[in-house]
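Q:
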Amino acid sequence: MEIRWEWFHERYSDGMLLARVVQYSTDSLCSEDDAAAVEAFFQKNPEKKIERTIAQSCEKIRANARWYARDADAVASWVKAK
1 MEIRWEWFHE RYSDGMLLAR VVQYSTDSLC SEDDAAAVEA FFQKNPEKKI ERTIAQSCEK
61 IRANARWYAR DADAVASWVK AK
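Position 58 of the sequence shown, counting from 1, maps to 58 under full-length UniProt numbering, and the rest follow consecutively.
(1) Which value, in whole angstroms, describes the spacing of the CA atoms of ILE3 and LYS60?
(2) Applying the 10 Å Cβ sphere with the 16-neighbour rule, what's the burial state of SER28?
(3) Could you give the distance in angstroms between the alpha-carbon of ALA74 and the alpha-carbon of TYR68?
(4) Just reading off the alpha helix (DSSP H) that ILE54 is part of, what are its end residues?
(5) Check LEU17 in the structure and name its three-state DSSP category.
(6) Decide if VAL38 is buried, meaning its Cβ has at least 16 other Cβ atoms within 10 Å, or exposed.
(7) Drop a sphere of 10 angstroms on the beta-carbon of ALA35, count the other beta-carbons inside from all chains shown, and report buried for 16 or more, exposed for fewer.
(8) Sorted by chain position, which residues of the same chain lie with C-beta nearer than 7 Å to SER57's C-beta, five sequence neighbours on each side aside?
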């Protein structure tokens, strides 16, 4: 998304689609570094219309990071057992 931000912004900034682009682009991220990178990107490229989506996306990334840190070994063991 970062590489093509100008294209996304020009194409989708008028409606709620830009919020969806951010949401779907960050759904699979799962580290504190990822959340920090998203925040840093939008500090350089502020988007007032989708501030809430950006905050929610960063919150979800951090929740995913906590889940991964807590349960990664248990999930790996379960997968190996199946």
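Where is the CB? At the ideal position from N, CA and C, for every residue including glycine.
A: Here's the rundown:
(1) Walking along the sequence shown from the start, residue 3 turns up at place 3. Walking along the sequence shown from the start, residue 60 turns up at place 60. When rounded, the distance between both Cα atoms is 22 Å.
(2) Numbered from 1 along the sequence shown, position 28 holds the residue referred to as residue 28. By the neighbour-count rule (16 or more Cβ atoms within 10 Å), SER28 is not buried but exposed.
(3) Start at 1 with the first residue of the sequence shown, and residue 74 comes out as number 74. Start at 1 with the first residue of the sequence shown, and residue 68 comes out as number 68. Distance between the alpha carbons of ALA74 and TYR68 is about 10 Å.
(4) In the sequence shown, the residue the question calls residue 54 occupies position 54. Element bounds for ILE54: 51-81.
(5) As a working mapping, residue 17 is identified with position 17 in the sequence shown. If DSSP states are grouped into helix, strand and coil, LEU17 belongs with the helices.
(6) Start at 1 with the first residue of the sequence shown, and residue 38 comes out as number 38. Classification for VAL38: buried.
(7) Taking the first residue of the sequence shown as 1, we reach residue 35 at position 35. By the 10 Å Cβ count, ALA35 comes out buried.
(8) Here residue 57 refers to the residue found at position 57 of the sequence shown. Cβ neighbours of SER57 beyond the five flanking positions: VAL22, GLN23, THR26 and VAL38.
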